[in-house]
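Below is one structure, written out as structure tokens, with a few remarks after it.
2 protein chains.
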Amino acid sequence: MFKRILIAEDQETQNISLQKTLAELGAPKPDYVYYCDDALTWIKKAIKTAQPYDLLITDLYFEEDHNQQKIDGGAELIKAAKEIQPDLKTLVFSGENRPAVIDMLFKEMHIDGYVRKARHDGQYLRLAISAIHNHKKYLSPDLKQARKENNSHDFTDLDIAIISQLVDGTPQKNIPYYLQENNIKPSGLSSIEKRLNLMKEVLGFSKNEQLIAYCKDIGII
Amino acid sequence: MFKRILIAEDQETQNISLQKTLAELGAPKPDYVYYCDDALTWIKKAIKTAQPYDLLITDLYFEEDHNQQKIDGGAELIKAAKEIQPDLKTLVFSGENRPAVIDMLFKEMHIDGYVRKARHDGQYLRLAISAIHNHKKYLSPDLKQARKENNSHDFTDLDIAIISQLVDGTPQKNIPYYLQENNIKPSGLSSIEKRLNLMKEVLGFSKNEQLIAYCKDIGII
DNA sequence: AGGAACCTTACGGGAAACCGTATCGGGGTT
DNA sequence: AACCCCGATACGGTTTCCCGTAAGGTTCCT
Chain A
0 MFKRILIAED QETQNISLQK TLAELGAPKP DYVYYCDDAL TWIKKAIKTA
50 QPYDLLITDL YFEEDHNQQK IDGGAELIKA AKEIQPDLKT LVFSGENRPA
100 VIDMLFKEMH IDGYVRKARH DGQYLRLAIS AIHNHKKYLS PDLKQARKEN
150 NSHDFTDLDI AIISQLVDGT PQKNIPYYLQ ENNIKPSGLS SIEKRLNLMK
200 EVLGFSKNEQ LIAYCKDIGI I
Chain B
0 MFKRILIAED QETQNISLQK TLAELGAPKP DYVYYCDDAL TWIKKAIKTA
50 QPYDLLITDL YFEEDHNQQK IDGGAELIKA AKEIQPDLKT LVFSGENRPA
100 VIDMLFKEMH IDGYVRKARH DGQYLRLAIS AIHNHKKYLS PDLKQARKEN
150 NSHDFTDLDI AIISQLVDGT PQKNIPYYLQ ENNIKPSGLS SIEKRLNLMK
200 EVLGFSKNEQ LIAYCKDIGI I
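Chains as they are written, first to last, in numbering that gives the first Met the number 0: chain A, 0 to 220; chain B, 0 to 220.
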């Protein structure tokens with residue numbers, strides 16, 4: 000079992016639940032913090048005292064309040080933590096269920112596990128911690144199915160740039176200027192139209208408004 | 000203090016935290032369920048045995064799974080519960096932070112309190128329960144400020160109908176037909192254009208895409 | 001090098017959306 | 001009843017968007 004665990008979770012009740020779940024697993028009493036910056040401080044301190052943490056359990060999104068934070072959210076915390084302690088195991092515990100976001104965590108942040116705050120999260124937390132301890136990755140089952148079912152178009156950087164510009168209110172005809180300034184490769188107006196048509200066709204939409212709503216739902220923007 | 004409390008919360012860890020928080024308050028051990036339908040069943044049963052609940056604490060959104068539910072979500076649960084027990088006090092405990100949704104709960108569902116799952120939720124839960132016990136309404140402070148700051152346009156039924164149609168892909172010029180069929184009063188194309196212009200002007204937008212994204216963010220659609 | 005296939009871009013006609021103006025029609029007032 | 005006011009609707013011109021077609025470039029293969 001892990002010997003030194005750090006919990007970063009701003010929600011008071013969730014933080015308490017995590018501690019309780021770990022206690023049931025027979026883990027030693029974990030440290031816990033309510034802010035990202037504190038988490039990094041503790042990780043640094045643990046390394047200095049030659050008692051580094053084995054596992055970091057963190058939420059993704061932290062509420063802003065009067066305590067201005069340098070680190071904004073769990074993803075940045077993980078990035079910062081891995082820079083000073085690359086072997087630190089990381090388990091993300093969050094309500095996020097948008098596939099695009101979670102895929103990014105595994106592919107780019109190399110997290111070891113993701114448990115969604117949902118019905119059987121206590122049970123899945125136990126499984127996740129066990130799996131990670133055996134050097135395996137873990138993803139709570141409710142998400143595995145969510146990722147299968149979508150016949151969704153996979154959005155390129157260009158697609159996201161176009162949609163972001165639309166959401167910012169840029170007229171379609173002006174988007175080429177923006178793309179050129181940012182060195183995004185196809186920048187012609189026709190290419191933008193073609194790309195928008197492709198996205199809408201794949202998803203069965205006819206109007207930009209539908210596409211925007213869809214992208215908001217799945218978390219691309 | 001309340002004598003009979005029912006918790007409806009699908010998330011395992013949150014459910015446990017709620018029980019623990021109530022225990023700290025000196026409340027008697029509450030009943031707890033993971034499904035809306037179960038909650039209503041228990042409420043009915045409690046009435047029959049002449050030991051009705053004093054307080055219902057419920058989440059807003061429940062995960063769907065193999066257990067098909069008649070009641071879909073906390074709002075419907077509250078509505079159903081108040082039909083059979085109008086004096087039941089209700090406290091909503093949810094992550095929802097979109098003002099439109101929470102306003103609706105107070106104005107239409109007449110809930111007694113709302114605590115957002117956020118940083119100091121444990122503390123606010125205690126305050127909420129105390130306030131409700133004294134026949135007062137309670138709204139966790141993080142939300143009060145959120146409601147002040149928005150210079151937002153308040154959306155009429157017409158506005159929402161128009162935006163919903165856009166999100167469904169209806170061409171703007173066809174929306175009048177939809178409005179007539181549903182007996183929504185101003186149904187002329189010019190009225191729709193005027194309404195859209197007003198919304199965009201108030202919010203500082205120029206394109207429909209921005210408006211759709213905004214409405215998704217604040218939870219109107 | 002030549003050529004084929006593909007992607008990007010440019011152009012033009014038609015549809016939709018945008019925007020200002022004018023007309024219509026009901027409610028209230030004098 | 002005549003009038004005014006205001007919102008809803010209708011109309012026309014301009015802009016933007018949509019979509020098909022064609023021209024220009026690049027890559028890769030023979």
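Don't be surprised by glycine CBs; every beta carbon is placed ideally from N, CA and C. Every value quoted in this text rests on a predicted model; they were computed, and no experiment measured them.
Is it the case that the Cβ atoms of residue i and residue j are separated by a distance below 8 Å?
| i | j | result |
| --- | --- | --- |
| I220 (chain B) | V166 (chain B) | yes |
| Y52 (chain B) | L5 (chain B) | yes |
| I162 (chain B) | L210 (chain B) | yes |
| A212 (chain A) | K215 (chain B) | yes |
| K136 (chain B) | D111 (chain B) | yes |
| A18 (chain B) | Y31 (chain B) | Correcting the residue identity first, residue 18 (chain B) is Gln in this sequence and not Ala. Yes, the pair counts as a contact, with Cβ atoms nearer than the cut-off. |
| R3 (chain B) | Q67 (chain B) | no |
| M0 (chain B) | H132 (chain B) | yes |
| L142 (chain A) | I101 (chain A) | yes |
| E208 (chain B) | R118 (chain A) | no |
Is there at least one Cβ from chain A nearer than 8 Å to residue i's Cβ?
| i | result |
| --- | --- |
| V166 (chain B) | yes |
| G94 (chain B) | yes |
| D156 (chain B) | no |
| Q209 (chain B) | yes |
| S16 (chain B) | yes |
| R97 (chain B) | no |
| D64 (chain B) | yes |
| E200 (chain B) | no |
| E11 (chain B) | yes |
| H134 (chain B) | no |
| M120 (chain B) | What sits at residue 120 (chain B) in the sequence shown is Asp, not Met. At least one chain A Cβ lies under 8 Å of D120 (chain B). |
Using the rule of at least 16 other Cβ atoms within 10 Å of the residue's Cβ for burial, across every protein chain shown, is residue i buried or exposed?
| i | result |
| --- | --- |
| P185 (chain A) | exposed |
| M198 (chain A) | buried |
| A74 (chain B) | buried |
| L188 (chain B) | exposed |
| S16 (chain A) | buried |
| Q179 (chain A) | exposed |
| K206 (chain B) | buried |
| H109 (chain A) | exposed |
| A160 (chain B) | buried |
Rounded to the nearest angstrom, what separates residue i and residue j at their Cα positions?
| i | j | result |
| --- | --- | --- |
| L55 (chain A) | Y113 (chain A) | 12 Å |
| Q84 (chain A) | H152 (chain A) | 36 Å |
| Y60 (chain B) | G72 (chain B) | 5 Å |
| A79 (chain B) | L39 (chain B) | 7 Å |
| P175 (chain B) | D156 (chain B) | 15 Å |
| T48 (chain A) | Q13 (chain A) | 28 Å |
| T57 (chain A) | G25 (chain B) | 31 Å |
| N96 (chain A) | D64 (chain B) | 15 Å |
| A7 (chain A) | K116 (chain B) | 16 Å |
| P27 (chain A) | S129 (chain A) | 14 Å |
| F154 (chain A) | D86 (chain A) | 32 Å |
| S93 (chain A) | G94 (chain B) | 12 Å |
| K43 (chain B) | N181 (chain B) | 37 Å |
| Y34 (chain B) | Y177 (chain A) | 49 Å |
| D158 (chain B) | G168 (chain A) | 20 Å |
Does DSSP put residue i in a helix, a strand or coil?
| i | result |
| --- | --- |
| F105 (chain B) | helix |
| K78 (chain A) | helix |
| Y60 (chain A) | coil |
| R115 (chain B) | strand |
| D30 (chain B) | strand |
| T40 (chain B) | helix |
| K69 (chain A) | coil |
| A7 (chain A) | strand |
| S186 (chain B) | coil |
| S129 (chain A) | helix |
| K88 (chain A) | strand |
| L210 (chain A) | helix |
| Y137 (chain A) | strand |
Please tell me whether residue i has its Cβ less than 8 Å away from any Cβ of chain B.
| i | result |
| --- | --- |
| D37 (chain A) | no |
| A127 (chain A) | no |
| D71 (chain A) | no |
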